[in-house]
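Participant: This is the structure I have questions about; it appears just below.
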Amino acid sequence: MPRIAYFGPQGTFTEQAASAFAREDDELVPVETVPLAFAAVRSGATDFCCVPVENSVEGAVPATMDALVRDEPLVAVAEHVLPVHFSVLVRPGTAEIRTVASHPHALAQVREWLAAHLPDATPIATTSTAAAAVAVLNGDFDAAVSAPVAVTHYPLSEYATEVADVRDARTRFLLLRRPGALPEPTGADRTSVVVTTPNRVGVLAELLTELALRGINLTGLESRPTKGKLGEYRFYIDLEGHVAEPQVGDALAALHRHSREIRFLGSYPKADHEPAPMSNAEFTAATDWVDGVRKGERG
Numbered sequence: 001m002p003r004i005a006y007f008g009p010q011g012t013f014t015e016q017a018a019s020a021f022a023r024e025d026d027e028l029v030p031v032e033t034v035p036l037a038f039a040a041v042r043s044g045a046t047d048f049c050c051v052p053v054e055n056s057v058e059g060a061v062p063a064t065m066d067a068l069v070r071d072e073p074l075v076a077v078a079e080h081v082l083p084v085h086f087s088v089l090v091r092p093g094t095a096e097i098r099t100v101a102s103h104p105h106a107l108a109q110v111r112e113w114l115a116a117h118l119p120d121a122t123p124i125a126t127t128s129t130a131a132a133a134v135a136v137l138n139g140d141f142d143a144a145v146s147a148p149v150a151v152t153h154y155p156l157s158e159y160a161t162e163v164a165d166v167r168d169a170r171t172r173f174l175l176l177r178r179p180g181a182l183p184e185p186t187g188a189d190r191t192s193v194v195v196t197t198p199n200r201v202g203v204l205a206e207l208l209t210e211l212a213l214r215g216i217n218l219t220g221l222e223s224r225p226t227k228g229k230l231g232e233y234r235f236y237i238d239l240e241g242h243v244a245e246p247q248v249g250d251a252l253a254a255l256h257r258h259s260r261e262i263r264f265l266g267s268y269p270k271a272d273h274e275p276a277p278m279s280n281a282e283f284t285a286a287t288d289w290v291d292g293v294r295k296g297e298r299g
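In structure tokens, the structure reads:
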């Protein structure tokens, strides 16, 4: 029975994403932190892990970004995107809200709502939205900003629902495993890599030019410090296409040439199933034309 570790506990958006990835006989295993989800796969305790990677409001999830480059590589085999709105949960009978707990990303996404509706409440960070719900249940805080599904796991009351500063906020989740056979290309895929570049002028422009020259659409670019020398950064790159496609493989080889280090993070179907603007057939046709010119067969 395949096992999927997820950033828990029960009642989080990550549990919802893990459930979307899971097949009927898969077992979901909650863990307390993102690094522990990665560790569960690396140790063999689980087959996969499900973690949040980016939010449309707050950007990349730092804990996931850092875990992707530590220790044994893991690769993404699928992604899932969830709409994100929250419920404010309280113990039944709560009359006054002086403290509101949640994960820092969740608190940031409801900052304006809290200022308007609970201006005197003190926001307090917890390890997850569900951990905040548990803390409220235990009497540690007055209210929790949680995923709506949390109310099905914990005997709390809904003080407010559909809470969000940005109504169409989304969070993207990855399903990761140890390296192995890649998912087959679908024509609507995403490839992710992380590169560490030499510290020289124009190196990022060189990387992006390699993609542009091959007609590859960049869908994500995030920088994180290497945690070494001041001013040294890694670049997390998401691009459209699959490594099995000639133009993508060629582009990754070019990125390798420009990079001090590079780690492949996976080629996997996009959640929106939208095909890339430039098709593999177009690139193949262009390559065939160049080959014909080189052989003197075409003008």
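Each residue of the sequence shown is one higher than the one before, starting from 1 at the first, in UniProt numbering. We put the CB at the ideal spot given by N, CA and C, even for glycine.
Cα separation between Phe7 and Thr33?
Facilitator: Position 7 of the sequence shown, counted from the first residue, corresponds to residue 7. Position 33 of the sequence shown, counted from the first residue, corresponds to residue 33. Near 6 Å, if we compare the C-alpha coordinates of Thr33 and Phe7.
Participant: Which residue comes first and which comes last in the beta strand (DSSP E) that contains His105?
Facilitator: Within the sequence shown, numbered from 1, the residue matching residue 105 stands at position 105. First-last for His105: 104 to 109, but that is the alpha helix (DSSP H), not the beta strand (DSSP E).
Participant: Who are the Cβ neighbours of Arg42 in its own chain at under 8 Å, not counting the five residues just before and after it?
Facilitator: As a first step, residue 42 must be located in the sequence shown, where it is residue number 42. Excluding positions up to five away in sequence, the list reads Asp71, Glu72, Leu74, Arg178.
Participant: Excluding sequence positions up to five away, which residues of its chain have a Cβ less than 8 Å from the Cβ of Asp47?
Facilitator: Locating residue 47 in the sequence shown gives position 47, where the first residue counts as 1. Same-chain partners within the cutoff: Pro2, Arg3, Ile4, Val41, Arg177.
Participant: By a C-beta neighbour count over all protein chains shown, 10 Å radius and 16 as the cutoff for buried, is Lys227 buried or exposed?
Facilitator: Here the question's residue 227 lines up with position 227 in the sequence shown. Exposed: under 16 other Cβ atoms inside 10 Å.
Participant: To the nearest angstrom, report how far apart Ile97 and Val134 are at their CA atoms.
Facilitator: As a position in the sequence shown, residue 97 is number 97, starting the count at 1. As a position in the sequence shown, residue 134 is number 134, starting the count at 1. Their backbone Cα atoms lie some 16 Å apart in a straight line.
Participant: Only counting runs of 3 or more residues, tell me where the beta strand (DSSP E) segments fall wholly within the region 78 to 133, in order along the chain.
Facilitator: Within the region 78 to 133, the complete beta strand (DSSP E) runs of at least 3 residues are 86 to 90, 99 to 102, 122 to 125.
Participant: Would you mind giving the Cβ-Cβ distance between Ile237 and Ser192, rounded to the nearest angstrom? I have them listed as a contact below 8 Å.
Facilitator: Along the sequence shown, one-based indexing puts residue 237 at 237. Along the sequence shown, one-based indexing puts residue 192 at 192. About 7 Å separates the two Cβ atoms, so the contact holds.
Participant: Less than 8 Å between C-beta atoms, sequence neighbours within five positions excluded: which residues of the same chain meet that for Ala277?
Facilitator: The residue labelled residue 277 in the question sits at position 277 within the sequence shown. In the sequence as presented, Ala is not what sits at residue 277; that position holds Pro. Gly215, Asn217, Glu240, listed in sequence order.
Participant: Would you say Arg224 reaches chain B, if we count a Cβ-Cβ gap shorter than 7 Å as a contact?
Facilitator: Of the protein chains in the structure, only one exists, and it is not chain B.
Participant: Under the assumption that Leu265 contacts Leu68 (Cβ atoms under 8 Å), give the Cβ distance between them as a whole number of angstroms.
Facilitator: Within the sequence shown, residue 265 is the residue found at index 265, counting from 1. Within the sequence shown, residue 68 is the residue found at index 68, counting from 1. The Cβ separation is near 6 Å, so the contact holds.
Participant: Quick check on the DSSP output: the alpha helix (DSSP H) that includes Leu204 runs from which residue to which?
Facilitator: What you label residue 204 is simply residue 204 of the sequence shown in a count that begins at 1. From DSSP, the alpha helix (DSSP H) with Leu204 extends over 203 to 213.
Participant: Would you check if the distance between the CB atom of Ala101 and the CB atom of Ala63 is smaller than 7 Å?
Facilitator: Position 101 of the sequence shown, counted from the start, is the residue given in the question as residue 101. Position 63 of the sequence shown, counted from the start, is the residue given in the question as residue 63. It is not a contact, given that the beta carbons lie outside the stated cut-off.
Participant: Counting Cβ pairs closer than 8 Å, one from the region 51 to 61 and one from the region 153 to 172, do we hit at least three?
Facilitator: As far as the Cβ criterion goes, the region 51 to 61 touches the region 153 to 172, which means the pair count is three or higher.
Participant: Count the other CB atoms within 10 Å of the CB of Arg294; is the residue buried (16 or more) or exposed (fewer)?
Facilitator: Your numbering for residue 294 matches position 294 in the sequence shown. Arg294 comes out exposed.
Participant: As a quick exercise: from Thr171, Leu137, His117, Leu156, pick the residue whose alpha carbon is nearest that of Ala106.
Facilitator: Sequence index remark: in the sequence shown, residue 106 carries index 106 (1-based). The option with the nearest alpha carbon to Ala106 is Thr171.
Participant: Where Thr14 and His103 are concerned, what is the direct C-alpha to C-alpha distance, given to the nearest angstrom?
Facilitator: By one-based count along the sequence shown, residue 14 stands at place 14. By one-based count along the sequence shown, residue 103 stands at place 103. Distance between the alpha carbons of Thr14 and His103: 12 Å.
Participant: Looking at Pro9: is its Cβ nearer than 7 Å to the Cβ of Ala150?
Facilitator: As a position in the sequence shown, residue 9 is number 9, starting the count at 1. As a position in the sequence shown, residue 150 is number 150, starting the count at 1. The answer is no: Cβ separation not under 7 Å.
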